[in-house]
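If you read the sequence shown in my numbering, its first letter stands for residue 3, the second for the next number, and so on.
For every residue, glycine included, the Cβ atom is placed at its ideal position computed from N, Cα and C.
These numbers come from a predicted model, not from an experiment.
For reference, the structure is listed below as structure tokens.
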Amino acid sequence: MSHYELRCRECGRTWGNQPRSICDECFSPLEVAYDYDAIRCEGSFTRERISQRSPNMWRYAELLPLPQSFKPGLPVGFTPLFQAPHLAERLGALPQNLYIKNDAVCLPTLSFKDRVVAVALAQAREFGFDTVSCSSTGNLANAVAAHAAREEFKAWIFIPADLEPAKILGTNVFGAKVVRIAGSYDQVNRLCSQIADERNWGFVNVNLRPYYAEGSKTVGFEIAEQLGWRLPDNVVVPMAGGSLIVKIKKAFDELIKLGLVEGKEVKFFGAQATGCSPISTAVKTGASEIEPQKPATIARSLAIGNPADGHYAIKTIKNSGGWSEDVSDPEVIDSIRLLAETEGIFTETAGGVTVGSAGKLYRQDRILPEETTVLCITGNGLKTTDVLAGVYEAERPIAPKLAEFEQYLQRTLDVAEVARETSVVGA
Ligand SMILES: *Cc1c(COP(=O)(O)O)cnc(C)c1O
Ligand SMILES: [Zn+2]
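So, in structure tokens, the structure goes:
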């Protein structure tokens, strides 16, 4: 017998394990519930035991919905967590108290979506699907296609037609069937729900959604372990469907429950793009339900106008004493550049949203300089280079001659000198 099963988040009815995401009794979402007493009795989920395991997300297997027959495949997760002293200075934090959790280097497809897909496909196998599928804002498409190739599933990927070219190419390359839909993500997602009713396919974020979502918890487990089995004061999390932020909270709660970390009130801060900010708008106006929006932002990976877990994201943020902010597209670009120039990390638009929102939260004194704060950077900048087109003008090449270079250098220094003088005059 497995130590986990599906349970309705509202009425508590249990549903065993099956490809299903909604409770038939009350139409609320299902989530995976664990037998924590059994995990405690087994005695294998301890700091010591975990620290001896391989550096990937499978080290937290006891708290993931993995079938008995499951054999870890790819080494997904266990991405770096490190201090960001130079960014801290610019945002208004103490240098040693700001951390970055860098899923821009998560394997195999450079976003945190690799974590959720890895778990969903373990269940897809168990349920006997030979085809896996998803509706995606980009990163999920990449992750499903890559994992499907490796695990020998057929993959059908549904995306809005106008996604970033790198994200489309980064799906095609794995041999997945990519279906471009002339419509918004929310329309793509609705279509996928209908297809899931028709075909015997495992849609990772539709009929496998409760299992998929559990993969996000590993971000939380890793943050705690990498801080030395300690919880931070604050986390700042970019939100699309609102699942990641809810699951980091669940991860922290589970570690407290099982005695791996000391109990602590962590504040949860959400980040969205202003052009698609249904969750952050609800937090700011005090609403407990989402009012759907029509997305208009360059932060495509976060552009979900009607977030499936919006209600629970609002609740997580409010109950923790946190807040949610949002930033304009120009602020997203400035923040991508700020993170790159201060810490050497090139993030995609979602990371710009996180850094920009964090800056606002510091300026509002909602996050204090001396508090331990973790920014979740969830995706890689090489996937969204199109948003930086035009920011850096291509310079005319010079001849491969030392004299040419000396001239070039002098010109560059002169320009810098003029810039400095004008700024002094301007001041
Ligand atoms: C999907 C995604 C998110 C947000 O995930 P949700 O769990 O849907 O809120 C954040 N960042 C990136 C880069 C993503 O692709
Ligand atoms: Zn129910």
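Count Cβ pairs between the region 221–236 and the region 383–395 that sit closer than 8 Å; are there 3 or more? Because the criterion of three Cβ pairs below 8 Å is not met, the region 221–236 and the region 383–395 do not touch.
Does any heavy atom of ligand 1 sit closer than 6 Å to the C-beta of Ala-342? no
Taking the alpha-carbon positions, what's the Cys-436 to Gln-125 distance? This structure leaves residue 436 out entirely; the chain is present only between 3 and 429.
List in chain order the residues whose CB is within less than 6 Å of at least one heavy atom of ligand 2. Cys-10, Glu-12, Cys-13, Arg-15, Cys-25, Glu-27, Cys-28 and Ser-30
If distances are taken between C-alpha atoms only, which option among Lys-317, Arg-302, Val-180 and Gly-243 comes closest to Ser-290? Lys-317
Tell me which same chain residues have a C-beta within less than 6 Å of the C-beta of Asp-188, skipping the five on either side of it? Gly-307 and Asn-308
Quick one: what's Phe-271 bridged to in DSSP? Val-238 and Trp-325
If you drop the 5 nearest sequence neighbours on each side, which residues of the same chain put their C-beta closer than 6 Å to that of Arg-11? Apart from sequence neighbours up to five positions away, the residues of its chain that approach Arg-11 with a beta-carbon distance below 6 Å are Ser-30, Pro-31 and Glu-33, ordered along the chain.
Less than 7 Å between the C-beta atoms of Ser-282 and Gln-274, yes or no? yes
Candidates Lys-156, Leu-123, Val-118 and Ile-369: which alpha carbon is nearest Ile-96's? Residue identity check: residue 96 is Leu in the sequence provided, not Ile. The residue with the shortest Cα to Cα distance from Leu-96 is Ile-369.
Below 8 Å CB to CB, which residues in the same chain sit around Val-285 once its five sequence neighbours on both sides are set aside? Around Val-285: Gly-272, Ile-316, Ile-319, Lys-320, Trp-325 and Ser-326.
Does the structure place the region 391–404 close enough to the region 357–372 that three or more beta carbon pairs sit under 8 Å? no
Reducing DSSP to helix, strand and coil, say where Ala-429 ends up. The predicted position of Ala-429 is uncertain, since its pLDDT is 44 and thus under 50; a value taken from the coordinates is nonetheless stated next. Assignment of Ala-429 by DSSP, reduced to helix, strand and coil, places it in the coil class.
Would Met-3 be called buried (16 or more neighbouring beta carbons within 10 Å of its own) or exposed? With a pLDDT of 47 at Met-3, under the threshold of 50, the modelled position of that residue is not reliable, and no figure is offered here.
Taking 7 Å as the cut-off, decide whether the C-beta atoms of Lys-169 and Gly-140 are in contact. yes
Going by the CB atoms, is the gap between Met-59 and Gly-75 shorter than 7 Å? no
Do you know offhand how far Gly-428's Cα is from Leu-415's? With a pLDDT of 47 at Gly-428, under the threshold of 50, the modelled position of this residue cannot be trusted, and the question is left open.
Excluding the five sequence neighbours on either side, which residues of its own chain have a C-beta within less than 7 Å of the C-beta of Val-248, listed in chain order? So the qualifying residues of the chain are Asp-311, Tyr-314, Ala-315 and Thr-318.
Please report the straight-line C-alpha distance between Glu-7 and Ser-218, rounded to a whole angstrom. For Glu-7 and Ser-218, the gap between their C-alpha atoms comes out near 17 Å.
Label Pro-167 either buried or exposed according to how many other C-beta atoms from any shown protein chain fall within 10 Å of its C-beta, with 16 as the threshold for buried. exposed
Ranges of the alpha helix (DSSP H) found wholly within the region 56–128, counting only runs of at least 4: 87–93 and 115–128
Give the single residue among Leu-390, Tyr-394, Val-420 and Cys-378 whose Cα lies nearest to the Cα of Leu-100. Cys-378
Runs of alpha helix (DSSP H) lying entirely within the region 350–409, each at least 4 residues, in chain order: 351–365
Which residues bound the alpha helix (DSSP H) around Leu-340? Segment 331–345, the alpha helix (DSSP H) holding Leu-340.
Below 8 Å, how does it come out for the region 64–71 and the region 338–346: are there three or more Cβ pairs, yes or no? The region 64–71 is not in contact with the region 338–346.
Use the C-beta contact count for Pro-234: other C-beta atoms within 10 angstroms, 16 or more gives buried, fewer gives exposed. Classification for Pro-234: buried.
What does a CB cutoff of less than 8 Å around Leu-353 pick up in its chain, not counting 5 residues either side in sequence? Strictly speaking, residue 353 in this sequence is Gly, with Leu absent from that position. So the qualifying residues of the chain are Ala-106, Pro-240, Ser-337, Ile-338, Leu-341, Ile-347, Ile-379, Thr-380, Gly-381 and Gly-383.
Which partner residues does Gly-18 have in the DSSP bridge list? Leu-8
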